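Asks: Input: one structure, supplied below.
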Amino acid sequence: MTNLKSLDGATAGIIRQALTAAQSGNITRACMLAEEGLRGGGDGAALNAMLGVLRCRSGDLDQGTEHLRTALALQPHDLTIATNLAAALVEQGQHDAALEVATRDRAEADATLRLARFRAFAAQSADRHVEAVEAYEHLVARAPDDWEAWNNLGNARAGAGDPEGSVTALRRAVELAPLARPVRLNFATALGRAGDVEQSEQQLRGMAAEFADDTRALRELHTLLKAQLREEEALDAIERAVERDPSDTELLLAMASQRLLLLHTDAAEEAYRKVLALEPGKALANLGLAVVFDLTNRADALSLLVGEAAARGADPGALAFIQAFDHRRAKRFADGIEALERVPEELEAARRVHLRGQLLEGAGRYDEAFRAFSRMNQMSRDDPSRPEERAAAYRAALRAQQDAATPGWAANWREARIGDPRPSPVFLVGFPRSGTTLLDTMLMGHPQVEVLEEEPTTRHAAEVLGDFAALPLATDEQISAARDAYFRTAASLTPLAPGKLLVDKNPLAMNMLPMIHRIFPDARIILALRHPCDVLLSCFMTNFKLNDAMSNFVRLDTAADLYDLSFGFFERAQQLFGMPVHRIHYENVVSNREDELRALLDFLSLEWDEDVLDHQATALGRGRIKTASYSQVAEPIYTRAAGRWEQYREQLAPVLPILEPWVRKFGYSL
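Note that my numbering has the sequence shown beginning at 1, numbered continuously upward.
If you want it as structure tokens, here you go:
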């Protein structure tokens, strides 16, 4: 601001009086003196500059800003006025306007660096990342030991799409301020964004151990592990965070959601209820209970939840969402659509769009339903875990195995000598949405059957055997170790009671037939079949957890490619090994349940038992069902799913040429 010595005597005198009044706490008198000076023809720049500061100090930012603008217009090169105006604009959240004041030239001319700091902060706050980077780089060049500037430079570089530069800046910030937790946390997350997930995880685990009262590192660790699909470890991280702060409802919600993702439904319900004990009207907690009740086929509890959530003070959007779930269960589709219209778009967006698709289909509005499911899949494609890349890698690996599985490869297959009395399991396989859940539920009704539902038994065994190409030459020791790994996992999940037949239901284990044959040479295979078009459509319309395989279903073309690859590989394995396979068509189970089940039990060498016919009682008695068919298997067997694809023939037209050979082969038609 202008030096008092350069001002006229009257203005200088007024400023001295005003400053004295302000210093004594009488801001009102100070402002009055300055305004009288302006009316008396005093120096406009000096008096407006002082009035601007005084008004801002008293809380009148609007008037203060106007005075400072007037002063700067009169003295555009005065860096003090520019700094005070930029500060006032930043305080009001007018970051773009602040940047117009804190120009690069002014900031670089300011030896105090105050204007440069306001410029950098305003640019970062306005998401003008390139300008923020330039401003912070100027700051660290002039003040190389300013750890806060280095920290902010790292964050700005991340926003500008420079993850490596972000890591470099944040590493320097950590060196300067090793005890600053936010800086350490920023550095750890920057490592993850730059692709160094191992170092990121190491940093986060180190912080979690070092700062035993802090939850932020564990929350970020949870996020990092989820992005790598390490869901069980992610659950452990968020549960440890909750242990540190059990009253944090956001942490509790994250824990409940993670438990629900892993289908730990009882534990998820417990967590949601803890949230509601702290915040009864919490929308996501009330909605989470609705999802739990839906997944566990607790239709009565779902209906009651509408009134209970309203009594707790849940907001109208959450109540409408719960009502929509209940209407879908009761097949009141029009009512469900109307309820869903009252749900905010940002509330559980993917689940909301999926439910909308189901309701629209139930109401016979097929084109709208397909658009809703397409929107759901677009959301899935945008997931940060890069599902389309992972899906492509899954298909490439399956294609490579099919190429490797030649007659010459199989000719090297050595006969194993396995002295293991444990009987081989039966494997229930088939492309997802082919009726495997209905079949496993029926088989659960048999007193001599134990069923595993989509557990990692085969995966753990395969990890022991290693490379696919080396399967023919696997040693007896390797095979025995793989069998042990399989049964160890199975025993942790089911009793393995003597005399009972173990049925391992895992649809895409159809892509592991050579490995299954290597470990269990006498294993029997149940192959569930359904019209390929119905299967593909159902996969596209299901809100799957996005593992590598299910990520193929976010697009119709990649789903069709996987279908073709899977059955091509299955046929190749059958040609090479001739495993005993019983094919069972979903449509036949629907139309002639008893005959189909009698034939299946004959294949399994099991006596007939009437209980296998009552799949509804079995489904309701089994609690949670791990697959997307959880609600359907608790209903009477229905025929509406057969031929469902006909309503979407136009949308499926691009993939029909891929499916047609399999349609003919399995005895269906287009």
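Quick reminder that beta carbons are idealized off the backbone N, C-alpha and C, glycines included. No experiment lies behind these values; they were computed from the predicted model shown.
If distances are taken between C-alpha atoms only, which option among R117, H129, S125 and A160 comes closest to G140?
Replies: A quick correction: the sequence has Val, not Gly, at residue 140. Looking at the Cα atoms, R117 is the closest of the given residues.
Asks: For I81, name the three-state secondary structure that DSSP assigns.
Replies: helix
Asks: When we look at the beta-carbon of Q358 and count the other beta-carbons within 10 Å, is it buried (16 or more) or exposed?
Replies: Its Cβ being crowded by 16 or more others within 10 Å, Q358 is buried.
Asks: Beta-carbon within less than 6 Å of S58's beta-carbon, same chain only, minus the 5 sequence neighbours each way: which residues are those?
Replies: I27
Asks: Cβ atoms of R518 and L465: under 8 Å apart, would you say?
Replies: Contact: yes.
Asks: Please tell me whether P495 and E455 are closer than 8 Å, where the distance is taken between their beta carbons.
Replies: no
Asks: For the alpha helix (DSSP H) that V353 lies in, which residues bound it at each end?
Replies: A349 to G362
Asks: Grab me the residues of G317's own chain with a C-beta within less than 8 Å of its C-beta, minus the 5 sequence neighbours each way, in chain order.
Replies: A283, R342, V343, P344 and L347
Asks: Mind checking G667: buried by the 16 CB within 10 Å criterion, or exposed?
Replies: exposed
Asks: What's the C-alpha gap between L7 and G44?
Replies: 11 Å
Asks: Just curious, the alpha helix (DSSP H) that D96 is in, first and last residue?
Replies: From DSSP, the alpha helix (DSSP H) with D96 extends over H95 to V101.
Asks: Rounded to whole angstroms, what is the Cα-Cα separation between A46 and Q228?
Replies: 60 Å
Asks: Applying the 10 Å Cβ sphere with the 16-neighbour rule, what's the burial state of T558?
Replies: buried
Asks: Can you tell me whether S434 is buried or exposed? The criterion is at least 16 other CB atoms within 10 Å of its CB, across all chains shown.
Replies: buried
Asks: M207 and R184 - do their beta-carbons sit closer together than 8 Å?
Replies: yes
Asks: Can you give me the C-alpha to C-alpha distance between T215 and L355, rounded to a whole angstrom?
Replies: 34 Å
Asks: Roughly how many whole angstroms lie between the Cα atoms of L218 and A268?
Replies: 19 Å
Asks: Would you give the residue range spanned by the beta strand (DSSP E) that R598 belongs to?
Replies: Element bounds for R598: not the beta strand (DSSP E) but the alpha helix (DSSP H), R593 to F603.
Asks: Rounded to whole angstroms, what's the CA-CA distance from L556 to Q378? Just pull it up for me.
Replies: 12 Å
Asks: For the structure I just gave you, are there three or more beta carbon pairs, one from the stretch 398 to 410 and one from the stretch 485 to 500, closer than 8 Å?
Replies: Too few Cβ pairs lie closer than 8 Å, so no.
Asks: From V291 to A126, what distance separates their C-alpha atoms?
Replies: 38 Å
Asks: Helix, strand or coil for V449, going by three-state DSSP, please let me know.
Replies: strand
Asks: Tell me the start and end of each unbroken alpha helix (DSSP H) in the stretch 162 to 203 that is at least 4 residues and wholly inside, in chain order.
Replies: 163 to 176 and 181 to 193
Asks: Given a cut-off of 8 Å, decide if L68 and A98 are closer than it, judged by their beta-carbon atoms.
Replies: no
Asks: Rounded to whole angstroms, what's the CA-CA distance from A599 to V429? Just pull it up for me.
Replies: Straight through space, the alpha carbons of V429 and A599 are spaced by roughly 17 Å.
Asks: Which residues in the same chain as S303 place their Cβ atom closer than 7 Å to its Cβ, once the five residues preceding and following it in sequence are excluded?
Replies: The answer, listed in chain order, is D326.
Asks: Enumerate, from N- to C-terminal direction, the unbroken alpha helix (DSSP H) stretches of 4 or more residues contained entirely within the stretch 39 to 83.
Replies: 44 to 57 and 61 to 74
Asks: Work out the CA separation of E148 and A111 for me, nearest whole Å.
Replies: 18 Å
Asks: Comparing C-alpha positions only, which one of R351, G364 and V306 sits nearest to A334?
Replies: G364
Asks: How big is the Cα-Cα spacing for M541 and A549?
Replies: 15 Å
Asks: Can you check DSSP and say which residues form a bridge with L502?
Replies: E450
Asks: F520 and P421: beta carbons closer than 8 Å?
Replies: For F520 and P421, no; Cβs fall outside 8 Å.
Asks: For the alpha helix (DSSP H) that contains L229, what are its first and last residues?
Replies: Run containing L229: none; DSSP gives neither H nor E here.
Asks: Quick check on F687: does DSSP put it in helix, strand or coil?
Replies: This structure leaves residue 687 out entirely; the chain is present only between 1 and 670.
Asks: Please classify A497: does DSSP put it in a helix, a strand, or coil?
Replies: coil
Asks: Should S200 be labelled buried (16 or more other beta-carbon atoms within 10 Å of its own) or exposed?
Replies: buried
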